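Undergrad:
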Amino acid sequence: MPLLALEDIRKSFASAEGAVPVLQGVSLDVAAGQVVALTGESGSGKSTLLHIAAGLEAPESGRVLIGGQDMAALPDAGRAKLRRGTVGLVFQQFNLVPSLTVGANLAFQARLANVHDAGFCTDLAARLGLSDLLARYPEQLSGGQQQRVAIGRALAARPKVLLADEPTGNLDEATGDAVFTLMLDLARAQGTGLLLVTHSARLAGQCDRRVLLRAGRLA
Amino acid sequence: MTLSALLSHWMRNKVQLAMVLVGLTLATALWSGVQALNAQARGAYATAAALVSEDGAPRLDSATGQMPQARFIELRRAGVLVSPVVEGRVTLGDTRVTLLGIDPLTAPPGTAAALADGDLQGFLSGAGYAHPETLERIGATDMSPAPSQAVPVGTVLVDIGTAQNALGMTGQISHLLLTGPAPRPMPDGLRLSQPETGAELAGLTDSFHLNLTAFGALAFAVGLFIVHSAVGLAFEQRRGLFRTLRSLGVSLRSLTLALAVELALFALLAGLAGLALGYVMAAALLPDVAATLRGLYGAPVPGSLQFSPVWALAGLAMAFAGAGLAGGQALWRLWHMPVLAPAQPRAWAMASGRAMRWQMLGAGLLAALAVALGLFGSGLFAGFALLAAALLAAALLTRPVLALGLALAAKAARAPVLQWFWADSRQNLPRLSLALMALMLALAANIGVGTMVASFRATFIDWLDQRLVAEMTITPRDAAQAVALEDFLAPRVQAVLPLRQVDATLAGQPGAVFAMRDHATFRDNWPLIAQVPGVWDGLAAEQGALINEQLARRADLWPGDSVALPGAGEVAILGVYPDYGNPLAQAIVTEGWFDSLYPGTPTRQLAIRTDDPAATRAALLDEFGLSAQAITDQAQAKALSLAIFERTFLITGALNVLTLSVAALALFATLVTLSGLRLVQLAPLWAMGLTVRHLAGLELARALVLAGLTMLLALPVGLMLAQVLLAVINVQAFGWRLPLQIFPADWARLALWAGLAMLAASAWPAWRLWRGGGGPLLRVFANER
Ligand SMILES: Nc1ncnc2c1ncn2[C@@H]1O[C@H](COP(=O)(O)OP(=O)(O)OP(=O)(O)O)[C@@H](O)[C@H]1O
Ligand SMILES: [Mg+2]
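Line by line, the protein sequences give chains A and B. This note's numbering puts the first residue of the first sequence at 355, with every later residue one more than the last. This note's numbering puts the first residue of the second sequence at -4, with every later residue one more than the last.
1) Does the CB of K435(A) have a neighbour CB from chain B at under 8 Å?
2) Near P554(B), what residues of its chain come up, given a Cβ to Cβ distance below 7 Å and the 5 sequence neighbours on each side ignored?
3) Find out if the Cβ-Cβ distance for the pair F451(B), F619(B) is shorter than 8 Å.
4) Which value, in whole angstroms, describes the spacing of the CA atoms of V92(B) and P127(B)?
5) Where do the ends of the beta strand (DSSP E) carrying K514(A) lie?
6) Give the secondary structure of D424(A) by DSSP, where H, G and I count as helix, E and B as strand, and everything else as coil.
7) Under the assumption that Q301(B) contacts Q35(B) (Cβ atoms under 8 Å), give the Cβ distance between them as a whole number of angstroms.
8) With a threshold of 8 Å on Cβ separation, who are the neighbours of A781(B) within its own chain once the five nearest residues in sequence on each side are excluded?
9) Would you say Q423(A) lies against chain D (beta-carbon separation less than 8 Å)?
10) Could you tell me whether the segment 765 to 779 of chain B touches the segment 678 to 691 of chain B, where touching means 3 or more Cβ pairs closer than 8 Å?
11) Shorter than 7 Å, the distance from the beta carbon of K9(B) to the closest heavy atom of ligand 2, or not?
12) What residues from the segment 398 to 416 of chain A come within 8 Å of chain B, judged by C-beta to C-beta, listed N to C?
13) Determine the DSSP secondary structure at E411(A), reduced to helix, strand or coil.
14) Who are the Cβ neighbours of A465(B) in its own chain at under 8 Å, not counting the five residues just before and after it?
15) Measuring straight from C-alpha to C-alpha, what distance separates P492(A) and G483(A)?
16) Measuring CA to CA, which of R364(A), A359(A) and A426(A) is closest to G570(A)?
17) Per DSSP, K365(A) is paired with what?
18) Note down the Cα distance separating V712(B) from R84(B), rounded to an integer number of angstroms.
19) Cα-Cα, which of L443(A), A508(A) and Q500(A) is closest to V469(A)?
20) Find the residues of chain A that neighbour W415(B), judging by a C-beta separation of less than 9 Å, and give them in chain order.
21) Around ligand 2, which residues pass a check of Cβ closer than 6 Å to any of its heavy atoms?
22) Within the 8 Å Cβ cut-off, does D466(A) reach chain B?
23) So, are the CB atoms of L541(B) and A580(B) less than 8 Å apart?
24) Considering only their Cβ atoms, is the gap separating A314(B) from G266(B) smaller than 8 Å?
25) Within 10 angstroms of its Cβ, does A342(B) collect 16 or more other Cβ (buried), or is it exposed?
26) Verify the CB distance criterion: does A678(B) have a CB-CB separation below 8 Å to chain A?
27) Could you run through the segment 673 to 698 of chain B and flag, in chain order, every residue whose CB is less than 9 Å away from some CB of chain A?
28) Entirely within the segment 424 to 492 of chain A and at least 3 residues each: give me those beta strand (DSSP E) ranges in chain order.
29) Short of 8 Å in beta carbon distance, which residues of its chain neighbour R472(B), apart from the five on each side in sequence? Order them along the chain.
30) Is S369(A) a contact residue of ligand 3, with contact defined as CB to any heavy atom under 7 Å?
31) What residues in the segment 394 to 413 of chain B have a beta carbon less than 9 Å from any beta carbon of chain A?
32) Nearest chain A C-beta to G767(B) closer than 8 Å, yes or no?
33) Quick one: is Q447(A) near chain B, going by C-beta distance under 8 Å?
34) Any idea if W330(B) is buried or exposed, counting beta-carbon neighbours within 10 angstroms, 16 or more meaning buried?
35) Give the interface partners of L427(B) over in chain A, defined as CB-CB distance under 7 Å, in chain order.
36) Please tell me whether L392(A) has its Cβ less than 8 Å away from any Cβ of chain B.
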């Protein structure tokens, strides 16, 4: 059974010209320990698909199954619980908690999910190059630094499914490669299903599988 | 062009616009409403003074308060220009009014003016004149006076013959008005007294008006907090727009000008609305204010409001001044903003960190000023300045103290959500701090004024019980009836204690000297706040006098000092007694001495001690034939005094509620304006697995926590306010000092109200968050960059 299963997902957004279809029947499985790269041009619906997979947004039709559990069948509290412990999401816009320090942000989701491990957290911070920044606040960081905090925050909670939206988009090539390698290593070691969006063909080439979103369907 | 770009912001943020306008409208309304009340009352004093004193004509009085009409004819014959007056209280309908009888032919011009447009024939035949409001109160009676605005409320002006008949004073007059030079030498048994100028009445009521004004100013300040926070937030939100406009080539000068024009526009709109609202509010409150002034000071104030253009202009000016004050900071910041000012919240937070240091410095300076005023200041003005300085200092300390409290809580918190809760509350404090300051001020004012009134009430009720020991009091019709009553009652009751008084100037203040019989009733019950040993024996032995607290405090006269009594020279002060509710100076001497000093003074009232009030009452009514109206029993007297007391503080209560609502409105305005910003702060938590319900609950909890902390801070501030009111303001304004008493149940009730106000203010944004579900939060991920 795949960890994450998307079945015939459809989604459109309302606009002045009427409903604009974005996703028109997307199906995708991610198994434990599998790393899937999602590519597609800007505006093709990658972020939308990730939000739907994380249960943040509901599809118009189709099903999202996490560990075989249908998201739509869960009450709001149940979906929230999945987000807390099972699904990790690294946002394109980072979405750090502005009132908490970098250190508190890193540990936050792990503590919410009750899987906090201080040693693991410190180790992650070191590997992400954040050790010197732990006392700062998010708005005192550069975009790339914020992005690494967002990745660290998701990894620290050790989710079963990790969804990452352009996790290296704001990083220089060397840092991006290091962070990417870290994510891959951890996913494979912990059996995490990893679905990540990237525009880099080179990085996509290192993944187990590569899918392209175009005209609302996977190619 | 620039202006329309600026104004378009308000079209998109209608709630914010409403808050600016509502805040300014309320501030103007409360301020100008209070001013209207004051102006109306002061105008009424002037009318009253003009008539009562008949253009400032001096009076000729006799010691007994009455003289035969023959004296008038005799003096006129001798060429002295005098006019007779008969004055007394009568009951018309169910209302007690003053009947003022004059002789229209010899009356001075001021009184004549009151008759100018009426017909003399009607007047002479007994109709008379009264203020329309008096007419309304007395309803239809056999005496039907014509309406006239020139007669003070509560007075009926009639021909002298009519008054003599109605008052049973045939052939007698009360006093003579001197319309020419004073006769020399003074005719036998007559005394020349200078007229009441109305300044006395104004002086006595000044404190009341100052209290009102202070409340108006407080409400105005709280209203400005709303405007300031709304304008400040709008400025923050339009930073990007300013930057765009500037980089498009709009000069700083025209941008600032456009912002100033925008403010002026608001001031004009809100000022006009505020005037209308203030007028309505004043008209609604005036009957109570008028009743208070009548009850407390006997000041005749009509209960209906008149419109004055000067008042309207002044109110509008206040609206402009308020808008300038509230928006000045935004204008100043715009003027100093570099073209490419960052729109980051961090820059704002840092600027407000600096602002916090300034606030603390300002608070320190103001606190020092308050202490200095408390130590070295004197007078009512210094008292209010002290209050203002202390309140402002406390307001400025609100944010640092709350920040400290939240930081401590964050340290103690273990669970991640709690940690976030405290840290996040603290981060949002700068944006909320103005509204919280307003809440703190409103709560402190409530605690302070509430404690003052409750302390006063407790002391007052005790005092009433001590002072009103006599089971009943009788008001005799005249001196002869007083003597007859005393003879009639003496064998039937335990004691008959006659009350006699003469008007007198004591230590330069208007007042009266009273006679007191040496009796256990007084020895055992009469409250004293300071005395020499053996005070009652000394009083009985004609060694000195008692004076009231007002006189003691105003003239700084205490036991051991002496005071000059008319006809007696300097008299030792044996004791000082509290005398609440009476603005005048008083002195008491023992009955025998009084009668030798002021012979022939009629008895005004008889206090009766009896075991069986019902039987005494029956005897008076059936056997003596006294009218029921002449008897006041103890319970009635207490009820009356308490009613006057309650009414006095009714307006205070109304203003308290208004101030608290204004603060709640400020909070609501701020929370609604912030709710967009909150989404950005809440979205990550939602994504990490907190439900919207949980988040909305936390928003409500935060509101409650902030209300609780603010209440904790307001408590000491309010007690300080009460102490200043009781020990400084009351002493200056009324002449009495009261002990501070603590009423924790009132605080609990207020805390409950504060919590409810805070919940009400935060309920809507929280509800929107909950109902909105994930949608608006998700949009944050899609749009926010
Ligand atoms: N809330 C929304 N309302 C209306 N349209 C939306 C909304 N969110 C996304 N869209 C539209 O849906 C389409 C897909 O958006 P999405 O953010 O998923 O693209 P993307 O593939 O992640 O693009 P990028 O690579 O630039 O991040 C876009 O055309 C976008 O304009
Ligand atoms: Mg995207």
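For each residue, glycine too, the CB sits at the ideal point set by N, CA and C. Given the structure is predicted, the values throughout are model-derived calculations rather than measurements.
TA: Working from what's here:
1) By 1-based counting over the first sequence, the position of residue 435(A) is 81. It does; some Cβ of chain B falls within 8 Å.
2) Residue mapping note: residue 554(B) aligns to position 559 of the second sequence, counting from 1. These residues qualify, in order along the chain: A525, Q526, V527, I568, L569, G570 and V571.
3) As a first step, residue 451(B) must be located in the second sequence, where it is residue number 456. As a first step, residue 619(B) must be located in the second sequence, where it is residue number 624. With a cutoff of 8 Å on beta-carbon distance, F451(B) and F619(B) are scored as not near each other.
4) Here residue 92(B) corresponds to residue number 97 of the second sequence, with the count starting at 1. Here residue 127(B) corresponds to residue number 132 of the second sequence, with the count starting at 1. In a straight line, the C-alpha of V92(B) is about 13 Å away from that of P127(B).
5) Walking along the first sequence from the start, residue 514(A) turns up at place 160. Careful: K514(A) lies outside any beta strand (DSSP E) and carries neither H nor E.
6) Here residue 424(A) is taken as the residue at index 70 of the first sequence, counted from 1. Residue state, collapsed to three classes: strand.
7) Here residue 301(B) refers to the residue found at position 306 of the second sequence. Here residue 35(B) refers to the residue found at position 40 of the second sequence. With 8 Å as the limit, Q301(B) and Q35(B) qualify as a contact, their Cβ atoms being about 7 Å apart.
8) Limits of chain B in this structure are -4 at one end and 780 at the other, which puts residue 781(B) out of reach.
9) The structure shown contains no chain D; its protein chains are A and B.
10) Yes, they touch.
11) Along the second sequence, read from residue 1 onward, the residue named residue 9(B) stands at position 14. No, ligand 2 has no heavy atom inside 7 Å of this Cβ.
12) For the segment 398 to 416 of chain A, which is checked against every Cβ of chain B, the residues closer than 8 Å are S401, H405, A408, L410 and E411.
13) Walking along the first sequence from the start, residue 411(A) turns up at place 57. In this structure, E411(A) counts as coil in the three-state DSSP scheme.
14) Counting from 1 along the second sequence, the entry for residue 465(B) is found at position 470. Closer than 8 Å at the Cβ level, and outside the excluded window around A465(B), lie L492, T516, A602, I603, R604 and Q629.
15) Residue mapping note: residue 492(A) aligns to position 138 of the first sequence, counting from 1. Residue mapping note: residue 483(A) aligns to position 129 of the first sequence, counting from 1. Rounded to the nearest angstrom, the two C-alpha atoms are 15 Å apart.
16) Numbered from its first residue, the first sequence carries residue 570(A) at position 216. Taking only the C-alpha atoms, the option nearest G570(A) is R364(A).
17) The residue given as residue 365(A) occupies position 11 in the first sequence. For K365(A), the pairing in a beta bridge is given by DSSP as L377(A).
18) Position 717 of the second sequence holds residue 712(B). Position 89 of the second sequence holds residue 84(B). Computed Cα separation, rounded: 47 Å.
19) In the first sequence, counting from the first residue as 1, residue 469(A) sits at position 115. Among L443(A), A508(A) and Q500(A), the Cα nearest to that of V469(A) belongs to A508(A).
20) Numbered from its first residue, the second sequence carries residue 415(B) at position 420. In chain order: V451, S453, L454, A458 and F462.
21) Chain-ordered list of matching residues: K400(A), S401(A), Q446(A) and D519(A).
22) Looking up residue 466(A) in the first sequence gives position 112. Before going on, a small fix: residue 466(A) reads as Leu here, not Asp. Closer than 8 Å: yes.
23) Here the question's residue 541(B) lines up with position 546 in the second sequence. Here the question's residue 580(B) lines up with position 585 in the second sequence. No, the Cβ-Cβ distance between L541(B) and A580(B) is not below 8 Å.
24) Position 271 of the second sequence holds residue 266(B). Position 319 of the second sequence holds residue 314(B). Cβ atoms of G266(B) and A314(B): closer than 8 Å.
25) Residue mapping note: residue 342(B) aligns to position 347 of the second sequence, counting from 1. Bear in mind that a pLDDT of 46 at A342(B), under 50, signals an unreliable position, so the number given afterwards is only what the model happens to contain. Answer is exposed; the Cβ neighbour count stays below 16.
26) Counting from one through the second sequence, the residue named residue 678(B) turns up at place 683. So, interface residue.
27) Answer set for the segment 673 to 698 of chain B: V675, Q676, A678, P679, L680, W681, A682, M683, G684, L685, T686, V687, R688 and H689.
28) Segments of the beta strand (DSSP E) lying fully in the segment 424 to 492 of chain A: 441 to 444.
29) For the purposes of this step, residue 472(B) is identified with residue 477 of the second sequence, where counting begins at 1. Listed in chain order, the non-local C-beta contacts of R472(B) below 8 Å within the same chain comprise G163 and A625, local neighbours out to five positions each way being set aside.
30) Ligand 3 is absent from the structure shown, which contains only ligand 1 and ligand 2.
31) If the cut-off is 9 Å between Cβ atoms, the segment 394 to 413 of chain B has A410, P411 and V412 near chain A.
32) Numbered from 1 along the second sequence, position 772 holds the residue referred to as residue 767(B). Taking 8 Å as the threshold, the shortest C-beta distance from G767(B) to chain A does not fall below it.
33) Here the question's residue 447(A) lines up with position 93 in the first sequence. Chain B, which has a Cβ nearer than 8 Å to the Cβ of Q447(A), makes this yes.
34) For the purposes of this step, residue 330(B) is identified with residue 335 of the second sequence, where counting begins at 1. Only exposed fits W330(B), as fewer than 16 other CB atoms lie within 10 angstroms of its CB.
35) Reading the second sequence from its first residue, position 432 is the one you call residue 427(B). Neighbours of L427(B) on chain A: none; closest Cβ ~14 Å, over 7 Å.
36) Stepping through the first sequence from its first residue, residue 392(A) is reached at position 38. The beta carbon of L392(A) sits no closer than 8 Å to any beta carbon of chain B.
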